[in-house]
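Worksheet: one structure, shown below.
Residue numbers (this note's numbering): 259 to 724.
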């Protein structure tokens, strides 16, 4: 994997979902009444694309325009949890998109905010970030950032050096010449090219935009890759999709995945196939409802989180509804090793589903020191989620997962290592609600701290550096 960061340039939005149940209509109009149960706010637009790239384990820098109003400050806070943010000035108020949802479907969307990026100096931080990028994704949401003259000059310069992926918007400037890939959806492509046929539109835009390739996304039909050598249709893989699958954010998932693949040196064909599969998995897995960082208002209390424990909580509720046994374990899981895998397998065998409670980066630093974790949060989440024994991952920022366990209430709490039951602060909590604690010693003497010390010792002996 390239050590150079992936840089996202684009318009960030604050997205909000108001979710509840509908059991009646308004007495004065044929409109549903939604009894609100939950509100989740999260980054949208370029912010979502940046988070999805970071969740895959990449170092990500986001160059975006931010306002100083309360929604803008919340947006900046949510982004900074996993992404390095380089802010540019925004004139006006933060753009917010609010969906009202019930039973997995959107009933209404309310848009507010008039903010637009200011066309002015980009500053040394943005310039340095772009010139040091291994790949660049431009996530254009029509709020002016792609019209900032200084950014356009830098993007045009970098397009000759590194892969630049451009996700265009109908109300914005055209992509700079030389992009490796431009990714309009089918409706955008036919509108840009004034063609009714998608294939003709893609080939027309390939010449008009002077880019190496155009990938026209087509929803459930996959994508069409147009290059000077011809066109390739890439279908969607067969996946079990959630009822009322939420496609919101699928375009960002596609753009983030294709940029990651190009950053890693993949060919255009490989990158498109991987991106179609990634976007399909994103939608099949529940989309932004379980895949994005957010602020959750549930039961009238505000709970901030760095990863989506909502998915873990939903899993816990589902397991209980079906009479199953929920198992949870926790830790830093920094450098995964065979001892971790053995622990997870044994833990999963104790029940019907396994949730891993994962220390945030800040929590790891407090427990292990300023030079840990070695692998940042996004990479640790991605690695754990890819393991067969793990059904869900929930992140906590405290020194112990006690508050998270209060919400999850697993039937079995598993801890690895050489602990005694009396040494675990979580054991009394688990016992109070009727759960039980199981200790599973790590096998083979494996230890992340020992691995880190061994690598540092070897580097010191050979005169190398980290």
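All C-beta atoms in this analysis are idealised placements derived from N, C-alpha and C, irrespective of residue type, glycine included.
Every value quoted in this text rests on a predicted model; they were computed, and no experiment measured them.
At which residues does the beta strand (DSSP E) containing residue i begin and terminate?
{"i": "residue 368", "result": "363-370"}
{"i": "residue 301", "result": "290-303"}
{"i": "residue 682", "result": "Segment: none, residue 682 is in no beta strand (DSSP E) and carries neither H nor E."}
{"i": "residue 611", "result": "611-617"}
{"i": "residue 227", "result": "What the structure shows of the chain is the stretch from 259 to 724, and residue 227 is not part of that stretch, so it cannot be assessed."}
Would you check if the distance between the CB atom of residue i and the CB atom of residue j is smaller than 8 Å?
{"i": "residue 266", "j": "residue 304", "result": "yes"}
{"i": "residue 463", "j": "residue 527", "result": "no"}
{"i": "residue 311", "j": "residue 514", "result": "yes"}
{"i": "residue 439", "j": "residue 516", "result": "yes"}
{"i": "residue 398", "j": "residue 302", "result": "no"}
{"i": "residue 605", "j": "residue 587", "result": "yes"}
{"i": "residue 431", "j": "residue 448", "result": "no"}
{"i": "residue 663", "j": "residue 688", "result": "yes"}
{"i": "residue 444", "j": "residue 474", "result": "yes"}
{"i": "residue 613", "j": "residue 645", "result": "no"}
{"i": "residue 478", "j": "residue 494", "result": "yes"}
{"i": "residue 344", "j": "residue 371", "result": "no"}
{"i": "residue 414", "j": "residue 377", "result": "no"}
{"i": "residue 434", "j": "residue 394", "result": "no"}
{"i": "residue 492", "j": "residue 531", "result": "yes"}
{"i": "residue 315", "j": "residue 351", "result": "no"}
{"i": "residue 308", "j": "residue 320", "result": "yes"}
{"i": "residue 332", "j": "residue 270", "result": "no"}
{"i": "residue 653", "j": "residue 635", "result": "yes"}
{"i": "residue 507", "j": "residue 480", "result": "no"}
{"i": "residue 541", "j": "residue 487", "result": "no"}
{"i": "residue 616", "j": "residue 648", "result": "no"}
{"i": "residue 509", "j": "residue 468", "result": "no"}
{"i": "residue 655", "j": "residue 625", "result": "no"}
{"i": "residue 236", "j": "residue 298", "result": "Nothing can be reported for residue 236, as the shown portion of the chain is limited to 259 through 724."}
{"i": "residue 375", "j": "residue 401", "result": "yes"}
{"i": "residue 292", "j": "residue 348", "result": "no"}
Can you tell me which residues form a DSSP beta bridge with residue i?
{"i": "residue 467", "result": "Bridge partners of residue 467: none, in fact."}
{"i": "residue 374", "result": "349"}
{"i": "residue 592", "result": "According to DSSP, residue 592 bridges with nothing at all."}
{"i": "residue 698", "result": "674"}
{"i": "residue 284", "result": "Bridge partners of residue 284: none, in fact."}
{"i": "residue 275", "result": "298, 357"}
{"i": "residue 394", "result": "265, 422"}
{"i": "residue 270", "result": "303"}
{"i": "residue 344", "result": "321"}
{"i": "residue 440", "result": "424, 472"}
{"i": "residue 586", "result": "613, 671"}
Just to confirm the assignment, what range does the alpha helix (DSSP H) spanning residue i have?
{"i": "residue 448", "result": "444-451"}
{"i": "residue 332", "result": "328-338"}
{"i": "residue 417", "result": "407-417"}
{"i": "residue 388", "result": "381-389"}
{"i": "residue 432", "result": "Element bounds for residue 432: n/a, residue is neither H nor E."}
{"i": "residue 666", "result": "660-666"}
Cβ contact check for the stretch 273-290 and the stretch 593-600: 3 or more pairs under 8 Å: no
Completely contained beta strand (DSSP E) runs for the stretch 624-656, where each covers 3 or more residues: Counting only runs of 3+ residues, the beta strand (DSSP E) found wholly inside the stretch 624-656 occupies 650-654, in chain order.
Inter-stretch contact (C-beta, 8 Å, three-pair minimum) for the stretch 527-537 and the stretch 322-337: In this structure the stretch 527-537 does not lie against the stretch 322-337, because fewer than three pairs of beta carbons, one per stretch, are closer than 8 Å.
The stretch 354-361 in contact with the stretch 389-398 per 3-pair CB rule at 8 Å: no
Minimum length 4: unbroken alpha helix (DSSP H) runs contained in the stretch 470-531: 508-521
Inter-stretch contact at 8 Å, needing at least 3 Cβ pairs: the stretch 586-593 / the stretch 630-639: yes
Given 8 Å, three or more beta-carbon pairs between the stretch 656-670 and the stretch 608-615: yes
Inter-stretch contact at 8 Å, needing at least 3 Cβ pairs: the stretch 378-386 / the stretch 327-342: no
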